[in-house]
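Trainee: This note's numbering applies: residue -5 is where the sequence shown begins, and numbers increase by one. From the three backbone atoms N, C-alpha and C, an ideal C-beta is built for every residue, glycine too. Pasting a structure below so you can have a look.
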Amino acid sequence: MLHFYMNDCNFQKVLHQPELYIEELKKFHSVVFPDASQYMNMPSYRRMCNNGINKEIGQLWQKAGVRVVVNVTWSDSASFDYCFDGLPTDCMIAINSMGIKGNPYSVFLWQRGYAQVLERLRPTHIIRYGDVINGEDVSISTYFEVEHLNRMHNGRKRKLC
């Protein structure tokens, strides 16, 4: 499974010309929608735009025959008004929790969003990238090791951009 849970600058080409990568993406078992960031310090219009870009590219790939997994992402509670729109219910989804663990407010917002995911989308399974966060339904989740952080913990830091 291919994912885009990394710094946005590492997949800018994909965001700007997603159609160029369709044939290559078809070689993967599945591909998680892009994950253009929605940082809290971004203007709200930019967070909304990035959320839309993620969905638009995922839909483009799906229509072209790429086996996609919906990436569900949100920022603050105001984003709940648009971030779940157009996403399928009662299916497998992917969620990332990178970059929130050190900030209690970010964890709080993530937990609120996660509760909304369960209520609105009713996922049958959740592919998770990042640390387990208190309150998750681990019975429907598969957690993947975060390779990037493990490399950093082992002293081999990598330049991101």
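Per the DSSP calculation, residue 119 is bridged to which residue(s)?
Mentor: As a position in the sequence shown, residue 119 is number 125, starting the count at 1. In DSSP, residue 119 forms a bridge with 86.
Trainee: Among 71, 109 and 57, which residue has its Cα nearest to the Cα of residue 19?
Mentor: Position 25 of the sequence shown, counted from the start, is the residue given in the question as residue 19. Among 71, 109 and 57, the Cα nearest to that of residue 19 belongs to 57.
Trainee: On the three-state DSSP scale, how would you describe residue 9?
Mentor: Along the sequence shown, one-based indexing puts residue 9 at 15. When DSSP states are grouped into helix, strand and coil, residue 9 belongs to the helix group.
Trainee: In terms of residue numbering, what span does the beta strand (DSSP E) encompassing residue 74 cover?
Mentor: Working through the sequence shown from its first residue, we reach residue 74 at position 80. Note, residue 74: premise wrong, no beta strand (DSSP E); alpha helix (DSSP H) at 74 to 77.
Trainee: Measuring only the C-alpha atoms, how far is residue 31 from residue 38?
Mentor: Your numbering for residue 31 matches position 37 in the sequence shown. Your numbering for residue 38 matches position 44 in the sequence shown. Answer to the nearest angstrom: the Cα atoms are 12 Å apart.
Trainee: DSSP puts residue 126 in a beta bridge; with which residues?
Mentor: Looking up residue 126 in the sequence shown gives position 132. DSSP lists no partner for residue 126.
Trainee: Out of 101, 15 and 91, point me to the one whose CA is closest to residue 67's CA.
Mentor: Position 73 of the sequence shown holds residue 67. Measuring from the Cα of residue 67, the nearest candidate turns out to be 91.
Trainee: What is the DSSP secondary structure of residue -4, counted as helix, strand or coil?
Mentor: Here residue -4 refers to the residue found at position 2 of the sequence shown. Strand at residue -4.
Trainee: Which of the three DSSP states is assigned to residue 135 in this structure?
Mentor: Taking the first residue of the sequence shown as 1, we reach residue 135 at position 141. Note: residue 135 maps to strand in three-state DSSP.
Trainee: Given this structure, state the Cα-to-Cα distance separating residue 29 from residue 42, to the nearest angstrom.
Mentor: Position 35 of the sequence shown, counted from the start, is the residue given in the question as residue 29. Position 48 of the sequence shown, counted from the start, is the residue given in the question as residue 42. A direct Cα-Cα distance of roughly 12 Å separates residue 29 from residue 42.
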